[in-house]
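Everything on this sheet refers to the single structure shown next.
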Amino acid sequence: MLHRECLKKCASRVGKCGIIYTPTLFIPIINLSTFEFLNLLFVVVYKRNRFYMYLNINAQKQNTYDAIVIGSGISGGWAAKELCEKGLRTLVLERGRDVNHITDYPTAMKNPWEFEHHNRLPPSFREENPIASKCYALDEATQQFFTKDAEQPYIQEKPFDWIRAYQVGGKSLLWARQVQRWSKFDFEGPARDGFAVPWPVTYDEMAPWYSYVERFAGISGNKDGLEGLPDGEFLPPWELNCVEKHLQKSLNANYTDRHLIIGRCAHLTKPQPWHTALGRAQCQARHLCYRGCPFGAYFSSQSSTLPAARKTGKLTLRPHSVVHSIIYDEKLGKASGVRIIDANTKEVIEYYAKIIFLNASCLASNQILLNSTSNRFSAGLGNDNGLLGHYVAFHNYRGNVYADIDGFEDQYYFGRRPTSGFMPRYQNVHKQETDFLRGYLVALSAARGGWGNAAGQEGFGAEWKEKNSQPGPWHLYVQIQAETIPKFENHLRLSPDHKDKYGIPQLITSVGYDDNDLKIIKHFHTTVAEMLDKASFKNIRLVDDKRNPGLDIHEMGGVRMGADPKTSLVNKWNQLHACKNVFVTDGAAMTSIGTQNPSLTFMAFTARAANHAVEEMKKKNL
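Here it is in structure tokens:
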């Protein structure tokens, strides 16, 4: 019998090995099931005192699909749905754990007193996770959906807070669920204002795809008739409260370009048959969304796209699959598959497909492409022009305004509304008007404080309870969401010296603010203070919280779209110019970033690209 160590040595050279063969019997040396054996790429056998190595054809067949989707978040879920519904056997690779809808939302129905730390993060958690702990949505009830800092180290050449959610569904379980279409002014912006490169698509081209994804996702909103924020396919809207309506009235009386509307959000206010068919129900106004919604009331991969993909019988989902790189076939002149590392066993496995959709999230998608090197692409897949990883942008959230207002003490509001007031961009819309490029939107919310006035104070009985349950005065919170300009120097690259636990080079982030961003914050503070003063607000406080880039969780770019392969990485169909069967449809492909929350645009681009990919496959162009 062959010595075990010798067999292991042989296996380390050719891959996993399974059995020793003699003329009369099979002798298992490494315990493998029949299924595991069939999935071996190479089989080493011993016959008549000699080694023989055989290629296991069944393994490659079993690892071959029509399409592979990298990532299961908002855009990856959409890619899976569209490709499966169009008849493609689709493999979805997710680096994190599996999370099943409803059953894997352990805190969704818990009361505050049921948490060990009363829903606060203990100091030890914050010390171990200084980056993740900065996220507004992270608390004791949601911590299971956030990636811990140590899970994937990266190098901050400039301060950058990378918020991650490694699990099936990704950040679709944690997003703020605010959705706004881009307008023609956003798609025309780079060409008009002379930054980035021109978008190769127009709003008119994207409008039908916005409608398509809105109907399926379920978007609550009002038909506001604003040129700078096109209307969509809406379910009934939520309402502004009395103080927000007061501000709205004041804005209408004093300005012609300031429009306060109720924020459009991915929540079912009136479920349609295609929503209930997936088990989704009406939003309960609990605003415990970040714990996972057992009602399926907000759009997520778990509640919406992945169930739709499963219904086709074409979906294979593989969690714990850390993508190392995309495999480029030199002879075929296109990508042939994806190389992964099993997060549990550290085994290297290759999967094959005709088309590949890269939806790992902006930074991770850049990292995968940069690490996908070959003789043809020594600097990363598709990187003929050396621009891969460059022109990264993000939303500037540093500006905040706080204010109080007297009165309205006889009024309150119902439930916990899952959205806020929203004021679309009113700067540089039709033409350049300020000393800074582009602009910002305003998000705001009025509420009554005062609950818990007696908390921590001595007392008991009816009087104490009454004191502890009285609402206080009204206050207003206003936040900026500003566009940043993609710049070459804002970039990502791989470390030549540091690798993670999977042997993958760590990502270096070099992304920062510039003078344009500071001018925008100043303009926001000045104009918002003026608006609130005219509306009789008092105690107006202007704050620059100086948060790092990345904490907006809206990073985009690095694999930007454009018509010219010399200045961009993907074409108008989200295909890599230099490798047409690889599609990048997450935030990495964005040429510019607008002021709107980006997820709806990612959905529309993904659905559009999937449709194009299938059409091209039918024409045998891919």
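Residue numbers for the sequence shown follow numbering that gives the first Met the number 0, beginning at 0 and rising by one.
Quick reminder that beta carbons are idealized off the backbone N, C-alpha and C, glycines included.
- Taking 7 Å as the cut-off, the Cβ atoms of D403 and K537 count as close.
- Distance check between G471 and each of T344, I484, R447, P197 places R447 closest, using alpha-carbon atoms only.
- About 30 Å separates the CB atoms of P229 and R285; that is not less than 8 Å, and the two are not in contact.
- In this structure S182 does not touch G76 by the C-beta definition: roughly 26 Å separates them, more than the 8 Å allowed.
- For D328, the uninterrupted beta strand (DSSP E) segment begins and ends at 320 to 328.
- H524 and Q410 have their alpha carbons spaced roughly 29 Å apart.
- By the criterion of a C-beta distance shorter than 7 Å, E329 is surrounded in its chain by S373, N374, R375, once the five residues flanking it on both sides are discounted.
- DSSP places H245 in the uninterrupted alpha helix (DSSP H) bounded by 241 to 253.
- Contact between I218 and R263 holds, with the beta-carbon distance rounding to 6 Å and staying under 8 Å.
- If you check the CB distance, L493 and L386 do not come in under 7 Å.
- Taking C-alpha positions only, K521 is separated from V322 by approximately 42 Å.
- In the DSSP assignment, Q366 falls within the alpha helix (DSSP H) that extends over 361 to 370.
- Taking a contact as a CB-CB distance under 8 Å, the pair F298 and A352 does not count as one, their CB atoms being some 27 Å apart.
- For P504, the three-state secondary structure derived from DSSP is strand.
- Non-local beta-carbon contacts of N620 in its own chain, meaning distances under 8 Å to residues more than five positions away in sequence, involve K579 in chain order.
- Using a Cβ distance threshold of 7 Å, V581 and A190 do not count as a contacting pair.
- Within the model, the alpha-carbon separation for K85 versus V613 is close to 7 Å.
- Here W473 is bridged, per DSSP, to I404, R447.
- Spatial neighbours of A136 in its own chain (CB-CB distance under 7 Å, excluding positions within 5 residues in sequence) are listed in chain order as L173, Y289.
- Annotation for G414: A284 place their beta carbon closer than 6 Å to its own, counting only its chain and skipping 5 residues before and after.
- For T600, same chain residues with a beta-carbon under 7 Å away, outside a window of 5 residues either side, are W181 in chain order.
- A contact between stretches requires three or more CB pairs, one per stretch, nearer than 8 Å, and the region 544 to 552 meets this requirement with the region 386 to 398.
- Take the alpha-carbon of F159 and the one of R88: they are about 38 Å apart.
- For K333, the pairing in a beta bridge is given by DSSP as D328.
- A contact is defined here as three or more CB-CB pairs under 8 Å, and the region 502 to 512 fails this definition with respect to the region 208 to 224.
- Where K310 is concerned, the enclosing alpha helix (DSSP H) starts and stops at 305 to 310.
- Burial is judged here by how many other beta carbons sit within 10 angstroms of a residue's own beta carbon; M422 has at least 16 and is buried.
- Considering only P564, A252, L225, the residue with the shortest C-alpha distance to I260 is L225.
- The beta carbon of P318 sits closer than 7 Å to the beta carbons of E93, G95, R96, D97, V167 from its chain, once the five residues preceding and following it are set aside; these are given in chain order.
- Cβ neighbours of Y412 within its own chain (closer than 6 Å, five residues either side excluded): N240.
- Measuring C-alpha to C-alpha distances from L443 to each of I73, H474, C282 identifies H474 as the nearest.
- Shown here, V542 sits in a strand according to DSSP, grouped into three states.
- Here A606 has W77, E81, W208, Y211, V212 as same chain residues with Cβ atoms under 7 Å from its own Cβ, once five neighbours each way along the sequence are excluded.
- With contacts defined as CB atoms closer than 7 Å, G381 and A577 qualify as a contacting pair.
- Secondary structure at C83: helix, using DSSP grouped into helix, strand and coil.
- In this chain, the alpha helix (DSSP H) harbouring Y209 covers 202 to 216.
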